[in-house]
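So the structure is just underneath, and the comments pick up after that.
Number of protein chains: 2
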Amino acid sequence: MLQLFKKKSFVIWLTGVSGVGKTTTAEALRKHFLKKKYKVEYLNGDVIRSVFNNTSFDRQSINDHIKKIGFFASILEKNGIVVICDFISPFEESRKFVESICKDFYLIYLYSNNVEKRDSKGLYKRYRNEEIKNIAGMDIPYEIPEVDYIKKIKISTDVFSTKQTVNKIIRLID
Amino acid sequence: MLQLFKKKSFVIWLTGVSGVGKTTTAEALRKHFLKKKYKVEYLNGDVIRSVFNNTSFDRQSINDHIKKIGFFASILEKNGIVVICDFISPFEESRKFVESICKDFYLIYLYSNNVEKRDSKGLYKRYRNEEIKNIAGMDIPYEIPEVDYIKKIKISTDVFSTKQTVNKIIRLID
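Those protein sequence lines, which keep their order, are chains A and L.
Quick note on numbering: the first sequence equals residues 924 to 1097 in the working numbering.
Quick note on numbering: the second sequence equals residues 924 to 1097 in the working numbering.
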């Protein structure tokens, strides 16, 4: 299983609105790299927000939150750990910051035209019913990331399966 | 140099007001554990605040900041890294939170009666001249930590040298 010349560590940053498939993709990536004997840490936005549940949803608070997570992702990377980050991270400013401090950073922008139709968590329905707010792509703007097809790509989860998405990401890193 | 049965990773949390000797102690600890072939990450409050320079100094912001750092310290610990944390961390609430989420956590409370007299960074003088504010122990309260002499100790840097302080900490962990 040991691979020579393989990359030791890097940061994969999954961005996109709720329900687009970030977590499904992240879990599949995690399994892939664990199987390949990498040390992997998976940072999930919902989990971290549940620990720090008074993090606000204004632009500055979101940017600060994402920057801090990115800072620690870069420390994990420096320590030889593959870091899979699963955060809506709607703002270009904080995504760019994280990119700038990581050594080997891959941005994966997942998108879909059907997130509200699918609505796997019932989030959009609750938003439309005015039961919740702070939904990226709705009352919080989601800034579409710049992609360069070198280290930053976009993948439509309407078109590609989880397996195909994971393969695209692996090919990008290899 | 390899030691059998040695602890793989743990978190050493240095707390105390500015100028008490946290950074000197942290640097000495870092050298010690690197020499012993541990993987070490050193998290320094001033460095992290300089990256996140809009972190506020009200009680909730300080607590949130320290809790987030502690959360990531616990992830580093889980990944086999010795984490040396050097933060004023004036509030018991966030220190207790960090203690609760780390597996093997040591709290080192450094204190001195002479921080203002020594004033190595000129911080207290600038505070007295009303040039700066947000100084723990002055306008920000510093809550003295509970110690149990098992995993939480206090050390007077008036009485003990850096070397003696480091030895006390090493004996605590061993």
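All residues carry an ideal CB built from backbone N, CA and C; glycine is no exception.
(request) Residues of the region 967-997 of chain A with a CB closer than 8 Å to any CB of chain L: list them in chain order, please. (result) The residues in question are Ile971, Val974, Phe975, Asn977, Thr978, Gln983, Asp987, Lys990, Lys991, Phe994, Phe995.
(message) Please tell me whether leucine 999(L) has its Cβ less than 8 Å away from any Cβ of chain A.
(response) It does; some Cβ of chain A falls within 8 Å.
(request) Flag leucine 927(A) as yes if its beta-carbon sits less than 8 Å from any beta-carbon of chain L, otherwise no. (result) Its pLDDT being 46, under 50, leucine 927(A) is placed unreliably in this model, and the value from its coordinates should be taken loosely. Cβ-Cβ to chain L under 8 Å: no for leucine 927(A).
(message) Taking its Cβ as the centre, do 16 or more other Cβ atoms sit within 10 Å of glutamate 1053(A), making it buried, or is it exposed?
(response) Glutamate 1053(A) should be labelled exposed.
(request) Taking all protein chains shown into account, decide if glycine 944(L) is buried (16 or more other Cβ within 10 angstroms of its Cβ) or exposed. (result) It counts as buried.
(message) Assuming phenylalanine 1028(A) and lysine 1074(A) are in contact, meaning their beta carbons sit under 8 Å apart, how far apart are those beta carbons, in whole angstroms?
(response) At roughly 7 Å, the Cβ-Cβ gap stays under 8 Å, so phenylalanine 1028(A) and lysine 1074(A) are in contact.
(request) For tyrosine 1034(A), name the three-state secondary structure that DSSP assigns. (result) Strand, per DSSP.
(request) Report yes or no: do three or more beta-carbon pairs, one from the region 958-970 of chain A and one from the region 962-972 of chain L, lie closer than 8 Å? (result) Contact between the region 958-970 of chain A and the region 962-972 of chain L is absent, because fewer than three Cβ pairs lie under 8 Å.
(request) Using the Cα positions of leucine 925(L) and valine 934(L), report the straight-line distance between them to the nearest angstrom. (result) Per-residue confidence for leucine 925(L) stands at a pLDDT of 48, beneath the threshold of 50, marking its modelled position as unreliable; the derived number appears in the next sentence. Within the model, the alpha-carbon separation for leucine 925(L) versus valine 934(L) is close to 20 Å.
(message) Quick check: is the beta carbon of asparagine 1002(A) nearer than 8 Å to any beta carbon in chain L?
(response) With a threshold of 8 Å between beta carbons, asparagine 1002(A) makes contact with chain L.
(request) Could you check how far apart the C-beta atoms of tyrosine 1034(A) and lysine 1077(A) are, in whole angstroms? I think they sit under 8 Å. (result) With a contact defined as Cβ atoms closer than 8 Å, tyrosine 1034(A) and lysine 1077(A) qualify at about 6 Å.
(request) Can you have a look at serine 979(L) and say buried or exposed, based on whether 16 or more other CB atoms are within 10 angstroms of its CB? (result) Per the 10 Å Cβ criterion, exposed.
(message) At 4 residues or longer, what runs of the alpha helix (DSSP H) sit wholly inside the region 955-1029 of chain A?
(response) For the region 955-1029 of chain A, whole alpha helix (DSSP H) runs of length 4 or above, ordered along the chain, are 968-974, 982-1001, 1015-1024.
(message) So for isoleucine 1093(A), helix, strand or coil by DSSP?
(response) Looking at isoleucine 1093(A) - three-state DSSP - the assignment turns out to be helix.
(message) Pop quiz: leucine 1046(A) and serine 973(A) are said to be a contact at Cβ under 8 Å. What is the actual Cβ separation, rounded to whole angstroms?
(response) Not a contact, Cβ separation roughly 15 Å.
(message) Going by beta-carbon coordinates alone, are isoleucine 1063(A) and tyrosine 1050(A) separated by less than 8 Å?
(response) No; because the gap between Cβ atoms is not below 8 Å, this pair is not in contact.
(request) Please look up how many angstroms separate the CB atoms of aspartate 1009(A) and threonine 946(A), rounded, as I've assumed it's under 8 Å. (result) Contact flag correct, Cβ pair sits at about 6 Å.
(message) What does the Cβ neighbour count give for asparagine 986(L), buried or exposed, with the cut at 16 atoms within 10 Å?
(response) Classification of asparagine 986(L): buried, given that the 10 Å Cβ count is 16 or more.
(message) Can you pull the chain L neighbours of lysine 1074(A), defined as C-beta to C-beta under 9 Å?
(response) Chain L residues near lysine 1074(A): none, gap ~23 Å exceeds 9 Å.
(message) Considering only DSSP beta bridges, list what valine 940(L) is partnered with.
(response) Valine 940(L) is not bridged to any residue.
(message) Quick check: the Cα distance between valine 1082(A) and asparagine 1090(A), rounded to an integer number of angstroms?
(response) Rounded to the nearest angstrom, the two C-alpha atoms are 14 Å apart.
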